[in-house]
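Engineer: There's a structure below that I have some questions on.
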Amino acid sequence: MTDVRVRFPPSPTGYLHIGGARTALYNWLFAKKHNGKLILRIEDTDADRSTQESIDGIIEGLNWLGITWDEGPYFQTEFADEHVACAQKLLDEGKAYKCFCSKEELEEKRELAQAEKKDYQYNGPCRNLSTEEVAEKEAGGLPYVIRFKTPKMDGVVDFDDKVLGNVARTYDDIEDFVIVRSNGKPLYLLCNVVDDIRDRISHVIRGQDHLGNTARQILIYRALGAEVPEFAHMPLTLDLKKAKISKRSHGEIVAVQFYKANGFLPWALCNFLVLLGWSTSDDQEIFSREELIDCFTLERINHSNSIFNYRKDDPKFFTDPKAISINEHYLRTVPIEEIYLLVKSDLQEQGLWSDDYDGDKKEWFLHTIDLIRSRFHTIKDFAVLGRAYFDDDYEFEEKAVRKNILKHEGLKEWFPVLADRFAALPEYNKDTAEEAIRGYATELEIKPGVLINGARTILTGRLAGPGMFDVLEVLGQERVARRLRDVAKLYDV
RNA sequence: GUCCCCAUCGUCUAGUCAGGUCCAGGACACCGGCCUUUCACGCCGGCAACACCGGUUCGAAUCCGGUUGGGGACGCCA
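Numbering (my numbering), first residue to last: 1 to 493.
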């Protein structure tokens with residue numbers, strides 16, 4: 001294979017959404033796999049809709065996901081002269097022509113055709129204007145667009161799509177499409193090809209929504225005398241109603257930023273995204289970066305669209321359940337150091353961070369997040385569900401208080417006693433704590449579970465959590481004793 | 001209306017190119033059980049799909065044709 005050079009060309013008209021991220025990811029994987037280069041090109045030719053905010057958001061999103069590029073970001077507008085020059089070249093060589101038909105006139109025809117349920121194609125008179133006629137109209141100050149002159153011939157324009165196989169379209173079916181607006185600005189179809197030629201793109205990996213563009217773009221490549229790259233059209237991601245996912249109809253749930261803000265591990269999102277339309281033959285679903293790069297191939301991309309399984313207002317899953325499950329998997333299995341910084345920055349944001357965690361108490365901190373992480377869904381849970389481990393001001397689950405505290409009136413007396421016993425322990429650790437708690441239960445002739453579950457609730461505020469003796473150790477002698485002595489407050493309400 | 005793409009559990013999918021080993025496998029979700037002081041993890045089990053109709057064939061999820069369904073494109077957007 002010749003040098004692999006692929007590109008990700010977002011138009012900066014909104015944030016980076018998961019569909020775009022998936023396209024970028026596939027390109028990135030393909031580049032990595034073949035020791036190729038990924039080029040980031042911002043397609044900002046639509047001046048009305050492009051924003052700096054959006055450019056920043058896209059770059060931030062890619063960075064967060066760990067999708068790195070080797071060249072760029074280039075900006076399409078910087079190459080405007082080149083686009084115009086290519087259009088001129090096509091004009092000079094008779095491969096394109098000036099069309100003086102007015103926009104209004106054409107729109108009218110198109111609407112008419114639609115109303116009559118007939119096919120519409122530009123078939124205007126301008127294709128065959130003589131040089132004199134053109135000069136005359138121009139002299140008269142008539143505005144014009146430049147149209148590509150599609151060869152009038154039998155047969156098809158076809159290409160061997162790396163995902164779909166052979167895809168063909170008859171010449172007949174391709175109208176003389178506009179490549180330059182009447183204001184002199186070249187259009188996407190042209191710019192994109194010119195840029196891809198300049199950037200020596202070898203493989204165009206993009207969504208199937210571009211499938212209809214490909215035949216026309218191949219015509220441009222040929223007219224410009226350039227080599228046609230390989231194409232790979234990946235399936236689209238739809239919502240449960242089978243509509244294309246978009247910011248407008250789905251809001252932030254489809255924004256990469258949303259996953260960052262909601263405590264996803266970036267690689268977990270990538271892993272989820274890659275599975276939306278691609279798979280291996282051996283049922284593997286969890287991949288390290290290296291594994292994925294190694295086994296990724298365009299040929300194993302699915303042909304059919306996939307559905308992003310997100311139910312609005314689902315109380316249990318705030319996004320696709322599979323995405324959450326993959327995130328949980330990574331959250332509880334990656335080396336603790338890999339989530340340490342993410343947890344740190346979230347605790348900092350929540351005002352729960354202490355610099356000791358980075359110093360004297362670092363070992364304690366790592367051990368603690370390791371202990372509690374298997375029950376969590378996202379990084380955000382450390383500060384919410386795990387708050388009691390980092391701060392004395394935590395909430396009590398109502399159900400837990402009812403079930404584990406209020407049900408046992410005796411705890412009001414027992415816990416202060418237990419607190420004293422813990423405090424008096426010359427050596428305090430999970431074993432001595434367990435001994436103390438079990439011994440006391442025996443004395444009281446109650447089941448140890450009453451003390452254990454009650455302790456969990458008063459110490460952590462929660463109904464469920466890690467093994468109690470681990471919790472006792474992690475929380476430490478002083479905190480445990482203090483919180484147990486305070487049991488009366490739970491009966492007050 | 002025209003053109004293009006697609007069609008396996010609720011969702012993501014394996015199997016389709018080289019038909020039999022598939023009364024269809026895995027994952028998520030869901031339901032049961034085990035483990036356990038709780039919950040989670042883990043483990044065991046369950047529910048659940050080849051869109052339809054024809055054809056080819058000894059044999060079809062797989063090949064062919066049609067139907068239906070879904071998606072995309074049809075801009076002086078990208």
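Glycine is no exception: its CB is placed at the ideal position from the N, C-alpha and C atoms.
Does Pro143 come out as helix, strand or coil in the three-state DSSP assignment?
Structural biologist: One-based indexing of the first sequence puts residue 143 at position 143. DSSP places Pro143 in coil when its eight states are reduced to three.
Engineer: Can you check DSSP and say which residues form a bridge with Asp160?
Structural biologist: Sequence index remark: in the first sequence, residue 160 carries index 160 (1-based). Answer is Asn166.
Engineer: Candidates Tyr171, His250, Arg198 and Ile201: which alpha carbon is nearest Gly212's?
Structural biologist: For this step, residue 212 is matched to residue 212 along the first sequence. Ranking the options by Cα distance to Gly212, first place goes to Tyr171.
Engineer: According to DSSP, which residues form a beta bridge with Cys99?
Structural biologist: For this step, residue 99 is matched to residue 99 along the first sequence. Answer is Val145, bridged to Cys99.
Engineer: Starting from Glu328, follow the alpha helix (DSSP H) in both directions and report where the run begins and ends.
Structural biologist: Translated into the one-based positions of the first sequence, residue 328 becomes position 328. Run containing Glu328: Pro321 to Thr333, per the alpha helix (DSSP H) assignment.
Engineer: Where does Ala135 fall in DSSP's three states?
Structural biologist: For the purposes of this step, residue 135 is taken as residue 135 along the first sequence, with counting starting at 1. It is helical.
Engineer: Between the alpha carbons of Glu435 and Gly263, how many angstroms are there, rounded?
Structural biologist: Here residue 435 is taken as the residue at index 435 of the first sequence, counted from 1. Here residue 263 is taken as the residue at index 263 of the first sequence, counted from 1. Roughly 38 Å separates the two Cα atoms.
Engineer: Could you tell me which residues DSSP pairs with His203 in its beta bridges?
Structural biologist: In the first sequence, residue 203 corresponds to position 203, counting from 1. BP columns for His203 point to Glu230.
Engineer: I need the straight-line Cα distance from Gln477 to Val417, nearest angstrom please.
Structural biologist: Reading the first sequence from its first residue, position 477 is the one you call residue 477. Reading the first sequence from its first residue, position 417 is the one you call residue 417. So the two alpha carbons sit approximately 14 Å from each other.
Engineer: Rank Ile197, Gln348, Thr378 and Glu349 by C-alpha distance to the C-alpha of Leu265 and give the top, closest one.
Structural biologist: By 1-based counting over the first sequence, the position of residue 265 is 265. Looking at the Cα atoms, Thr378 is the closest of the given residues.
Engineer: What separation, rounded to the nearest whole angstrom, lies between the Cα atoms of Met488 and Gly461?
Structural biologist: As a working mapping, residue 488 is identified with position 488 in the first sequence. As a working mapping, residue 461 is identified with position 461 in the first sequence. According to the sequence as given, residue 488 is Ala; it is not Met. Cα to Cα, Ala488 sits roughly 14 Å from Gly461.
Engineer: Jot down the residue ranges of each uninterrupted alpha helix (DSSP H) in the stretch 369 to 424, minimum 4 residues, whole runs only, in chain order.
Structural biologist: 381 to 384 and 411 to 424
Engineer: Go ahead and label Gln52 buried or exposed: buried means 16 or more other beta carbons lie within 10 angstroms of its beta carbon, across all protein chains shown.
Structural biologist: Sequence index remark: in the first sequence, residue 52 carries index 52 (1-based). Counting Cβ neighbours within 10 Å, Gln52 comes out exposed, since fewer than 16 surround it.
Engineer: Just to confirm the assignment, what range does the alpha helix (DSSP H) spanning Ile336 have?
Structural biologist: Taking the first residue of the first sequence as position 1, residue 336 is located at position 336. Counting along the chain, the alpha helix (DSSP H) containing Ile336 begins and ends at Ile336 to Glu349.
Engineer: Return the chain-ordered list of same chain residues with a C-beta closer than 7 Å to the C-beta of Gly448, the five sequence neighbours on each side being excluded.
Structural biologist: For the purposes of this step, residue 448 is taken as the residue at position 448 of the first sequence. A small correction: the amino acid at residue 448 is Pro; Gly does not occupy that position in the sequence shown. Excluding sequence neighbours, Pro448 sits near Ile437, Arg438 and Ala441.
Engineer: Can you name, in chain order, every residue of its own chain whose Cβ lies under 7 Å from the Cβ of Leu444, other than the five neighbours on each side?
Structural biologist: Along the first sequence, read from residue 1 onward, the residue named residue 444 stands at position 444. If we look at Leu444 and ignore the five residues flanking it on each side, its Cβ neighbours are Trp414.
Engineer: For Leu16, tell me which candidate among Asn27, Thr23, Glu43 and Ile58 has the shortest Cα-Cα distance.
Structural biologist: For the purposes of this step, residue 16 is identified with residue 16 of the first sequence, where counting begins at 1. The candidate whose alpha carbon is nearest that of Leu16 is Ile58.
Engineer: Count the other CB atoms within 10 Å of the CB of Asp420; is the residue buried (16 or more) or exposed (fewer)?
Structural biologist: As a working note, residue 420 is residue 420 in the first sequence. Flag for Asp420 reads exposed.
Engineer: Could you check where the beta strand (DSSP E) with Phe8 kicks off and where it finishes?
Structural biologist: Position 8 of the first sequence, counted from the first residue, corresponds to residue 8. From DSSP, the beta strand (DSSP E) with Phe8 extends over Arg5 to Phe8.
Engineer: Would you list the one or two residues that DSSP bridges to Trp278?
Structural biologist: Reading the first sequence from its first residue, position 278 is the one you call residue 278. Looking at the DSSP assignment, Trp278 forms a beta bridge with Ile301.
Engineer: Given a cut-off of 8 Å on the beta-carbon distance, is the pair Leu269 and Ser306 in contact?
Structural biologist: If you number the first sequence from 1, residue 269 lands on position 269. If you number the first sequence from 1, residue 306 lands on position 306. Here Leu269 is not near Ser306, since their CB atoms are 8 Å or more apart.
Engineer: Grab the span of the alpha helix (DSSP H) containing Gly251 for me, first residue to last.
Structural biologist: As a working note, residue 251 is residue 251 in the first sequence. No alpha helix (DSSP H) holds Gly251; DSSP gives it neither H nor E.
Engineer: Ends of the alpha helix (DSSP H) at Val180?
Structural biologist: Position 180 of the first sequence, counting from 1, holds the residue named residue 180. No alpha helix (DSSP H) contains Val180, which is instead part of the beta strand (DSSP E) from Val178 to Val180.
Engineer: From what residue to what residue does the beta strand (DSSP E) around Tyr74 run?
Structural biologist: The count along the first sequence starts at 1 and reaches residue 74 at position 74. Glu71 to Phe75 is the span of the beta strand (DSSP E), which, as asked, contains Tyr74.
Engineer: I need the boundaries of the beta strand (DSSP E) containing Lys37, first residue and last residue.
Structural biologist: Walking along the first sequence from the start, residue 37 turns up at place 37. Under the DSSP assignment, Lys37 falls in the beta strand (DSSP E) whose first and last residues are Lys37 to Ile42.
Engineer: Let me know the secondary structure DSSP gives Thr150 once reduced to three states.
Structural biologist: Mapped onto the first sequence, residue 150 falls at position 150. The DSSP-derived three-state label of Thr150 is coil.
Engineer: Considering only their Cβ atoms, is the gap separating Ile42 from Pro12 smaller than 8 Å?
Structural biologist: Mapped onto the first sequence, residue 12 falls at position 12. Mapped onto the first sequence, residue 42 falls at position 42. A contact, by the Cβ cut-off of 8 Å.
Engineer: Would you kindly report the start and end of the unbroken alpha helix (DSSP H) that includes Pro186?
Structural biologist: As a first step, residue 186 must be located in the first sequence, where it is residue number 186. Here Pro186 belongs to no alpha helix (DSSP H), and DSSP marks it neither H nor E.
Engineer: With H, G and I counted as helix, E and B as strand and the rest as coil, what does DSSP make of Lys312?
Structural biologist: In the first sequence, counting from the first residue as 1, residue 312 sits at position 312. Reduced to three states, the DSSP call for Lys312 is coil.
Engineer: Where does Lys489 fall in DSSP's three states?
Structural biologist: To locate residue 489, count along the first sequence from 1; it is residue 489. The three-state secondary structure of Lys489, taken from DSSP, is helix.
Engineer: Among the residues of its own chain, which have a CB less than 8 Å from the CB of Ser304, if the five just before and after it don't count?
Structural biologist: Here residue 304 refers to the residue found at position 304 of the first sequence. Hits under 8 Å: Pro235.
Engineer: How far does the alpha helix (DSSP H) with Gly467 in it reach, from first residue to last?
Structural biologist: Start at 1 with the first residue of the first sequence, and residue 467 comes out as number 467. Where Gly467 is concerned, there is no enclosing alpha helix (DSSP H), given that its DSSP letter is neither H nor E.
Engineer: Based on the DSSP secondary-structure assignment, which residues constitute the bridge partners of Ile307?
Structural biologist: Reading the first sequence from its first residue, position 307 is the one you call residue 307. DSSP lists Leu238 as partners of Ile307.
Engineer: Pairs of beta-carbons, one from the stretch 107 to 121 and one from the stretch 136 to 150, closer than 8 Å: are there three or more?
Structural biologist: no
Engineer: Note down the Cα distance separating Pro10 from Val163, rounded to an integer number of angstroms.
Structural biologist: Position 10 of the first sequence holds residue 10. Position 163 of the first sequence holds residue 163. Each residue's alpha carbon lies about 21 Å from the other.
Engineer: Does the stretch 308 to 315 come close enough to the stretch 353 to 363 to have 3 or more Cβ pairs within less than 8 Å?
Structural biologist: The stretch 308 to 315 vs the stretch 353 to 363: no contact.
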